């Protein structure tokens, strides 16, 4: 908001035209996403994906750029009162004109008084802590050191020994699309993922443990979440044929590299595509092409396709006729993230697992189609005062029901800063007890490894 005019900066219709400073109230047109370039350099993105741009001192600011370049970089100076000055690379400061335009022609250097070049910035935090934010925030040099230390210590061969001793026979390992470009992935991502994944395969083989490679982050993001490496919470993957094509190239890279490895069990083509943003018209052709790519290198590796998140019915994937050979549908079961579970008691949660979850698995197991995989679940809920016994009962219910899935289950995740999401913590502290009832099928005891990507331990 302009300090002098008390009007908000606005990109009308979300962009596509000039920028004005004439709004009394701030809504989506007056909200901009900050893309950090460096500690003081930023690009500003509108609600419709346009970037603010200025191509020379004295120009009027527009919201017409579809992709950022040097002309879309602004320097932001900020004081302790959330007031900011915005300037170009030339040093020219932006100001509000008498006609309510935003121009880059303020004379000289502004102070922090009531002048046309001073603005109030209200930050509506989008609390993303993903790979992109880590690498972009630290900068390449420091991020390289941080991630190297993380990858050398977070998951080691000792963890595979732990899994082996507790009867875990498979790990589901999330990777980002940039792994295909290792050791020099596109900025800001940091190399080293591929070496970590190679290590995991070697350790798994040593303990007769199988690996599922899970493409957790696609170019542009398939769901806008931090764990899909979204830069600003937006979902660009489904609207970009180029992103989809690049994702298929990543599947080709992974399949060609690991298809003959004795530890490979399967490849998951895409984690948690959004039901509201990824239409089946985009997803199904991608899944079909991804399946054929894996088959090019292996006739036996399982190809795993994930349900769309956001209350989509997984039966839609059974009706898609993708394949009948070694195909698996991945379901993610959380008694969280939905208002339906907010006020549930201990028994309500347990009954939901025994009744609703069990019925869904039974129906899908009986369907003439892919195998069923509960690829993510956690021994956590919204019962804030639950006792250890209550957690044990909830965990027992989930283990009993999810072990009925024809392809088994995987826990999210092996290690986590939140203890009930931490598989090792649950086992060591007797909150989750693995019993004989969970060992009925060859691949029914899996655990997700937060091995490759930084967001696994930051979220």
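Residue numbers (my numbering): 1478 to 1936. Heads up, the beta-carbon is just placed ideally off N, CA and C, and yes, glycines get one too. Remember, it's a predicted structure, so these values are computed and weren't measured experimentally.
Query, Result
"Which of helix, strand or coil DSSP assigns to residue 1824", "helix"
"Top-ranked residue by Cα proximity to residue 1730, from 1655, 1794, 1791", "1655"
"Rounded straight-line distance, which links the Cα of residue 1806 to that of residue 1726", "22 Å"
"Which of helix, strand or coil DSSP assigns to residue 1598", "coil"
"Backbone secondary structure at residue 1589 - three-state DSSP", "coil"
"Distance, residue 1581 Cα to residue 1782 Cα", "50 Å"
"Residue environment, residue 1504, which counts as buried when at least 16 other CB atoms sit within 10 Å", "exposed"
"Collapsed DSSP secondary structure at residue 2016 in the structure displayed", "Residue 2016 lies beyond the residue range present for the chain, which begins at 1478 and ends at 1936; the question has no answer from this structure."
"Rounded C-alpha distance that separates residue 1893 from residue 1586", "48 Å"
"Residue 1563 and residue 1553 closer than 8 Å at C-beta", "yes"
"Limits of the unbroken beta strand (DSSP E) element including residue 1487", "1485 to 1487"
"Straight-line Cα distance separating residue 1767 from residue 1648", "21 Å"
"Between the CA atoms of residue 1678 and residue 1873 - distance to the nearest angstrom", "30 Å"
"Residues near residue 1738 by beta carbon distance below 6 Å, same chain, minus five either side", "1678"
"Exposure of residue 1619, with buried meaning 16 or more beta-carbon neighbours within 10 Å", "exposed"
"Minimum length 4: unbroken alpha helix (DSSP H) runs contained in the region 1596 to 1664", "1608 to 1615, 1617 to 1630, 1634 to 1642"
"Same chain only: Cβ atoms within 7 Å of residue 1949, ignoring 5 sequence neighbours per side", "No information on residue 1949 is available, as it lies outside the stretch 1478 to 1936 that the chain covers here."
"Local conformation of residue 1583 per DSSP, three classes", "strand"
"Residue 1787 to residue 1568 span [Cα, whole Å]", "46 Å"
"Length of the line joining the Cα atoms of residue 1842 and residue 1857", "25 Å"
"Residue 1897 in three-state terms, based on DSSP", "helix"
"Inter-stretch contact at 8 Å, needing at least 3 Cβ pairs: the region 1746 to 1765 / the region 1698 to 1715", "yes"
"Own chain residues within Cβ distance below 6 Å of residue 1835, not counting five before or after", "1878"
"Beta-bridge partners of residue 1479, as assigned by DSSP", "1596"
"Nearest-angstrom Cα separation, counted from residue 1512 out to residue 1709", "7 Å"
"CB contact check: residue 1745 to chain B, cutoff 8 Å", "The chain labelled as chain B is not found in the depicted structure, where only one protein chain is given."
"Alpha-carbon to alpha-carbon, residue 1667 and residue 1930", "Bear in mind that the predicted position of residue 1930 carries a pLDDT of just 33, short of 50, making it unreliable; the figure below should be weighed with that in mind. So the two alpha carbons sit approximately 10 Å from each other."
"Straight-line gap, residue 1838 to residue 1881 (C-alpha atoms, nearest Å)", "7 Å"
"Residue closest to residue 1492, alpha-carbon to alpha-carbon, out of 1529, 1484, 1747", "1529"
"Residue(s) in a DSSP beta bridge with residue 1780", "1744, 1804"
"Per-residue burial, residue 1674 [other beta carbons within 10 Å of its own, 16 or more giving buried]", "buried"
"Helix, strand or coil at residue 1541 according to DSSP, with G and I counted as helix", "strand"
"Same chain, Cβ closer than 8 Å to residue 1908, five either side skipped, listed in chain order", "1856, 1865, 1868, 1869, 1872, 1897, 1902"
"Enclosing beta strand (DSSP E) for residue 1691 [first to last residue]", "1687 to 1694"
"Under the three-state DSSP convention, the category residue 1497 falls into", "strand"
"Residue span of the beta strand (DSSP E) that contains residue 1563, given as start and end", "1560 to 1564"
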